[in-house]
Amino acid sequence: MLLWHKSYKTHFIEVKRLKGLTELLKGALEGIVLQRIDHGETYGYEITTYLNSLGFEDIVEGTVYTMLLRLEKKGLLNVDRRKSELGPPRKFYTLNAAGQVYLQEFWQKWTFLVTIMNELKEQNND
Numbered sequence: 001m002l003l004w005h006k007s008y009k010t011h012f013i014e015v016k017r018l019k020g021l022t023e024l025l026k027g028a029l030e031g032i033v034l035q036r037i038d039h040g041e042t043y044g045y046e047i048t049t050y051l052n053s054l055g056f057e058d059i060v061e062g063t064v065y066t067m068l069l070r071l072e073k074k075g076l077l078n079v080d081r082r083k084s085e086l087g088p089p090r091k092f093y094t095l096n097a098a099g100q101v102y103l104q105e106f107w108q109k110w111t112f113l114v115t116i117m118n119e120l121k122e123q124n125n126d
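Counting along the sequence shown from 1, when you hit position 111 you're at 111 in full-length UniProt numbering, and nothing is skipped either side.
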C-alpha cells in the first residue's frame with residue numbers, strides 16, 4: 001500500500017509506506033487536528049475529510065472521534081451540540097483558551113524536533 005503526500009496542494013509525490021508510520025504520526029495528527037479546529041468551527045466528519053485530503057487516507061472517522069473525545073477530556077475544546085437533518089445531533093468543535101496554549105506549545109515542540117532532525121540529517125550528509 002502507498003501513502004500519497006500532497007505537496008503545496010498541487011503536486012503529488014508517491015512515498016512508500018514506512019513501518020511504524022502510524023505511531024510516528026499519532027502526536028503529529030493531534031497537532032494537525034487542533035490546527036484545523038483553530039481555523040474555525042468544525043465537526044468530526046469534516047476533520048476526517050480534511051485529513052484524507054492531506055494524504056492521510058487511512059485515517060477513519062473512528063480515529064478522529066476518539067482523538068476529539070481525548071482532546072475534549074483534556075479540556076482543550078469547546079463543544080456545541082446541534083441538531084442535524086441527516087441523523088443524530090452533531091458536535092461542533094472550537095478551541096478554547098487552554099486549547100490555544102496547547103497548540104502553541106505543540107508548534108514550539110514540533111519546530112524544535114524538526115530543527116534537530118534536520119541538523120542530524122545534515123551532519124550525516126557531510
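Note that CB positions come from ideal geometry on N, CA and C, so glycine has one too.
The structure presented is a predicted model; accordingly, all values stated were derived computationally and were not measured.
Give the DSSP bridge partners of residue i, in chain order.
i   : result
L77 : L95
S84 : G87
Would you call residue i buried or exposed, if buried means 16 or more other Cβ atoms sit within 10 Å of its Cβ?
i   : result
G99 : buried
L76 : buried
G44 : buried
Distance, Cα to Cα, residue i vs residue j?
i           : j    : result
N124        : F112 : 19 Å
L25         : N52  : 14 Å
W107        : Q35  : 10 Å
A28         : S84  : 30 Å
T61         : G31  : For clarity, residue 61 is Glu in the given sequence; the question names Thr instead. Taking the straight line from one Cα to the other gives about 17 Å.
V64         : Y102 : 18 Å
residue 135 : E105 : No answer is possible for residue 135: the residues shown for the chain start at 1 and end at 126.
Since residue i contacts residue j with CB under 8 Å, what's their CB separation in whole angstroms?
i   : j   : result
V33 : M67 : 6 Å
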